[in-house]
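Written out below as structure tokens is the structure these notes cover.
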Amino acid sequence: MLARLDTLLTRIVILVTAALLSTFLLAYFIVEFSISSQRLQPRTALHVATVALEELQAKDWPDSLSDKELERLQITDYSLSEYPYIEPFSWGLAERVLENLGLAQDTPIGISLSGWGDRDRLAGPPGRPDRFMDEEPGRPGPMSLRPPPSERGRSASQQRARVSLEIANGNWVNIRTENISVKEPRPPLLAAVMLIVLMVGIGIWAALNAINPLRQMAKAANTLASDYKHEPLVEQGPYDVRESLRAFNRMGRRLETTVAGQRQLLAAIGHDLRTPITSLKLKVEMLSDASERERMSRALAELERITEAALAAATAGQSDEPFQPLDMYSLVDSLIEDLRDLGLSVSFNEIDVRPIVMGRSDELTRALRNLIENAVRYGDMAHVCLSEQAGKAIVTIQDTGPGIPEDALERVFEPLVRLEQSRNRETGGHGLGLHIAKNLIEAHSGHIDLSNPPTGGLLVTVTLPLKAAG
1 MLARLDTLLT RIVILVTAAL LSTFLLAYFI VEFSISSQRL QPRTALHVAT VALEELQAKD
61 WPDSLSDKEL ERLQITDYSL SEYPYIEPFS WGLAERVLEN LGLAQDTPIG ISLSGWGDRD
121 RLAGPPGRPD RFMDEEPGRP GPMSLRPPPS ERGRSASQQR ARVSLEIANG NWVNIRTENI
181 SVKEPRPPLL AAVMLIVLMV GIGIWAALNA INPLRQMAKA ANTLASDYKH EPLVEQGPYD
241 VRESLRAFNR MGRRLETTVA GQRQLLAAIG HDLRTPITSL KLKVEMLSDA SERERMSRAL
301 AELERITEAA LAAATAGQSD EPFQPLDMYS LVDSLIEDLR DLGLSVSFNE IDVRPIVMGR
361 SDELTRALRN LIENAVRYGD MAHVCLSEQA GKAIVTIQDT GPGIPEDALE RVFEPLVRLE
421 QSRNRETGGH GLGLHIAKNL IEAHSGHIDL SNPPTGGLLV TVTLPLKAAG
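Following this line, the structure appears as structure tokens:
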């Protein structure tokens, strides 16, 4: 039951649902982070100083700190004195520190932030410009003030904070932090990108997982169509895809078995006919009537041609001989020379390229011979052209005959099919030449197209894949 629910439609629905949920979660995550980042303070030197003051306040302002405690609190100096090291100001940052410490807003406090070496920036109250002071270690009282230098406006990657805070007994707490790397909250761009990439990756994987069986089926179908050899497919994927693959495997096995049986039967008939034909030829030679002997000899010769053609059709493309690199120019040129020696009117164009294909020389020669002889038989002459285009070797054969009706262009490739105008003793064939040529070309992963050009005659186009580079 569960296997039947594992269909392609179910997987698509699950994938779309998962994509929508992931999108909603991503949007929720970004919105929540944006809201929380507005509430959180960036990790600055002043933030470190405030945390240290909160802990010191909880310990009731100890007289001194050990080096380990200073390191833990990320401060370099801590002291209690009768005077502030930093001149008190009332400004926005001071109000936040006092609020975190739970102190009254009128509590005297001085804050200095530095980000440029030994120069400190002191932000004054509203309307008052920033001021800079030089460190003067050991000097009591407020630091000296001076106008802002040329560094004004630059942002620092590191900061230090110094704070002087008046406590209840009238003394002052003075601390100075270490150099703190400023870290501002940033939107989770990397996380968002990673999540999107993950979603896209899952989508691609799911799509490939769904269509790979269909691609394999298409490849197997092309193989089956070219040489009637079935390559069993692995039955995997969703339930409906597995059922389709299972049905295709059954069809492929039946078709392969049927075609193989037909070829074996045809070959057996052809072989069995050779013996009686040979016997009849011997008996015909013994006839005393010359005209009768001539008539019977022609009939036996026709029967012998049909028998040999049937044997050729039965074995077309079934050779176990491995493919070899073939120079198509040399193959076509040699074939045309042989046909010219037999008195056939054939022309061939001269080209500079030498298309190389993988195949069996005898089979390609036989296929092209059948096509050229067919053109000469019905069109008086044949003009052959060889070219190379888009990774293909293309052979065209043009004749000047009457052509073929459009509705018969595909039917002529069927075995034992002859059109009306070919059914005479002078030009009539046995109806297997084009069928054999088609089988041989398709066994080489090529194909044949027939067309009636506007100039008249029949145009045969043979396309073969070129040998792969390397």
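Heads up, the sequence shown is in the numbering used here, so the first residue is 1 and it goes up one at a time. Even for Gly, the Cβ is constructed at its ideal location relative to N, Cα and C.
Beta-carbon contacts of residue i that lie in its chain and below 6 Å, excluding the five residues immediately before and after
i	result
Val163	Ala49, Ile111, Ile175
Leu56	none
Pro108	Pro88, Glu166
Ala479	The chain is shown only over 1 to 470; residue 479 falls outside these bounds and no answer can be derived.
Thr461	Thr396, Asp449
Glu235	Arg242, Leu245, Arg246
Gln158	Asn179, Ser181
Tyr28	none
Pair within 7 Å by beta-carbon distance, residue i and residue j
i	j	result
Leu371	Ile336	no
Pro465	Leu459	no
Thr455	Ile394	no
Leu208	Gly270	no
Pro213	Val241	yes
Ala45	Ile202	no
Ala367	Ile441	yes
Phe413	Lys392	no
Leu409	Leu434	no
Leu15	Ala206	yes
Thr307	Leu273	yes
Thr177	Ile30	no
Tyr378	Gly401	yes
Cutoff 7 Å; reference residue i; Cβ partners in own chain excluding five residues on either side
i	result
Pro325	Ile356, Met358, Lys467
Arg253	His230
Arg340	Val346
Met199	Ala19, Ser22
Glu426	The predicted model places Glu426 with a pLDDT of 47, which falls under 50 and marks its position as unreliable, so this point remains unresolved.
Leu101	Leu53, Glu54, Gln57
Leu280	Leu300
Own chain residues within Cβ distance below 8 Å of residue i, not counting five before or after
i	result
Val471	Because residue 471 is not part of the residues shown, which for the chain are 1 to 470, the question remains open.
Ser361	Gln324, Leu326, Leu331
Val13	none
Val259	Tyr228
Leu287	Arg293, Met296
Glu95	Gln105
Proximity winner among the options, relative to residue i (alpha-carbon distances)
i	options	result
Tyr329	Arg340, Leu311, Glu87, Asp352	Asp352
Val173	Glu99, Gln236, Pro213, Pro88	Pro88
Arg11	Pro238, Leu339, Leu93	Pro238
Thr278	Ser297, Arg250, Ala94, Leu450	Ser297
Lys219	Leu198, Ile204, Asn249, Trp205	Asn249
Leu344	Pro322, Asp380, Gln158	Asp380
Glu350	Glu363, Ser334, Leu342	Ser334
Leu386	Glu71, Gly401, Arg354	Arg354
His447	Leu282, Pro322, Ala225, Ala58	Ala225
Val384	Asn222, Phe348, Trp61	Phe348
Asp60	Leu80, Ala210, Lys68, Arg369	Leu80
Arg369	Ala390, Asp338, Pro322, Gln389	Asp338
His47	Leu93, Gln389, Glu321	Leu93
Distance between beta carbons of residue j and residue i, contact taken as under 8 Å
i	j	result
Leu195	Ser64	No, Leu195 and Ser64 are not in contact; Cβ-Cβ is about 50 Å, not under 8 Å.
Val284	Leu303	Contact flag wrong, Cβ pair sits at about 12 Å.
Ala161	Leu113	6 Å
Glu82	Asn171	6 Å
His444	Leu342	Their Cβ separation, rounded to whole angstroms, is 25 Å, which puts His444 and Leu342 out of contact at 8 Å.
Met217	Leu233	6 Å
Residue ranges of each alpha helix (DSSP H) run of no fewer than 4 residues wholly in the region 63-108, ordered along the chain?
-> Listed in chain order, they are 67-73, 92-101.
With a floor of 3 residues, list each beta strand (DSSP E) that falls wholly inside the region 290-376, ordered by position along the chain.
-> Taking 3 residues as the shortest admissible run, the region 290-376 contains the following complete beta strand (DSSP E) segments, listed from N- to C-terminal end: 324-327, 346-348, 356-359.
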